[in-house]
Amino acid sequence: MSEGIAKPPVPNRMRLLEGGAAGNGELSSQAAGRPRGRRAAVPTATGLSFDPLLPFDAWSAIGARIARHASATTWWLGDWLIYGQTKYGRRYREAIAATGLDYQTLRNYAMVARRFEVSRRQDGLSFQHHAKVCALSDADQDKWLDTACAQGWTRNELRRRLRSRRLLAAGSLRALRVEVSGEREQRWREAANASGCSLEEWMTSVLDDAARSHSDNGTV
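For the sequence shown, counting from 1, position 209 maps to 208 in numbering that gives the first Met the number 0; every step adds exactly one.
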């Protein structure tokens with residue numbers, strides 16, 4: 000390690016998975032009759048092993064926490080990239096290369112994060128829920144997300160509802176034809192898949208984002 004560079008703290012994975020107040024790997028609920036200090040699950044960077052006597056409720060709670068943190072880290076990565084682009088200019092690419100993360104995937108995360116200020120993000124919905132409505136206006140985004148949260152829709156259910164809505168409105172839409180190479184189409188599809196969107200949704204969102212950026216900079 001280079002002199003003068005502090006080592007980043009190692010996240011306490013047990014606290015994230017089991018929710019223990021002390022973060023010491025003990026089961027958060029002693030009501031199940033588990034011996035104090037017995038670990039429900041042991042996480043590493045490459046896997047997760049479980050106590051053979053782990054009760055269903057504890058196993059289910061761990062899964063819910065994993066899902067919650069998986070969605071949160073997507074937001075974190077998007078916000079991280081936005082900050083780096085703004086603060087460090089071209090240097091941010093060096094940091095991205097050091098993480099080993101895919102640049103296009105991070106850009107997709109940043110695109111969604113940029114469309115939703117923290118105050119507008121629905122804590123009860125996943126990042127992918129937000130990605131599904133990314134191409135809509137702010138008012139429509141809020142309306143659909145509020146409904147999805149109230150109705151308990153999965154992201155697939157939200158996608159189905161949005162698709163039905165687009166079909167009903169198809170009469171007022173215009174079709175644009177764009178000719179691209181097969182290689183470029185493949186890159187776009189991979190980017191759309193990484194964002195959890197269809198190719199059409201992704202293209203619309205990217206173009207809207209670019210148009211807003213130009214408008215904010217006074218170039219339109």
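Even for Gly, the Cβ is constructed at its ideal location relative to N, Cα and C. Values in this document were obtained by computation on a predicted structure and should not be read as measured data.
Please name the residue or residues paired with residue i in a DSSP beta bridge.
i, result
"R119", "Bridge partners of R119: none, in fact."
"S48", "V41"
What's the C-alpha gap between residue i and residue j?
i, j, result
"R50", "A63", "Residue 50 is actually Asp in this sequence, not Arg. Rounded to the nearest angstrom, the two C-alpha atoms are 17 Å apart."
"A39", "L47", "10 Å"
"D145", "Q121", "8 Å"
"Q150", "L157", "10 Å"
"L141", "A97", "First, the amino acid is wrong: residue 141 is Asp here, not Leu. Distance between the alpha carbons of D141 and A97 is about 36 Å."
"L105", "V41", "29 Å"
"L80", "C133", "18 Å"
"Y87", "A109", "15 Å"
"R89", "W75", "20 Å"
"Y91", "A138", "32 Å"
"C196", "Q84", "24 Å"
"R176", "R160", "25 Å"
"E182", "A94", "27 Å"
"T147", "S70", "In the sequence as displayed, the identity of residue 147 is Ala instead of Thr. Their backbone Cα atoms lie some 16 Å apart in a straight line."
"S163", "A209", "27 Å"
"R188", "R211", "23 Å"
"A66", "A44", "16 Å"
On the CB-based measure, 16 or more other CB atoms within 10 Å of its CB, does residue i come out buried or exposed?
i, result
"N155", "exposed"
"E116", "exposed"
"F55", "exposed"
"Q185", "exposed"
"H128", "buried"
"E199", "exposed"
"L206", "exposed"
"M13", "Low local confidence applies: a pLDDT of 49 at M13 is under 50, so the model's placement there is unreliable, and no value is given."
"G77", "buried"
"W58", "exposed"
"L124", "buried"
"L135", "buried"
"A191", "buried"
"T153", "exposed"
"T73", "buried"
"A130", "buried"
"R114", "buried"
Is the beta carbon of residue i within less than 6 Å of some heavy atom of the ligand HEM?
i, result
"E199", "Ligands displayed in this structure: none; no statement on the ligand HEM is therefore possible."
Runs of alpha helix (DSSP H) wholly within the stretch 96-157 (minimum 4 residues, chain order):
102-114, 126-131, 137-150
What ranges does the alpha helix (DSSP H) occupy inside the stretch 170-208, keeping only unbroken runs of at least 4 residues that lie completely in it?
181-194
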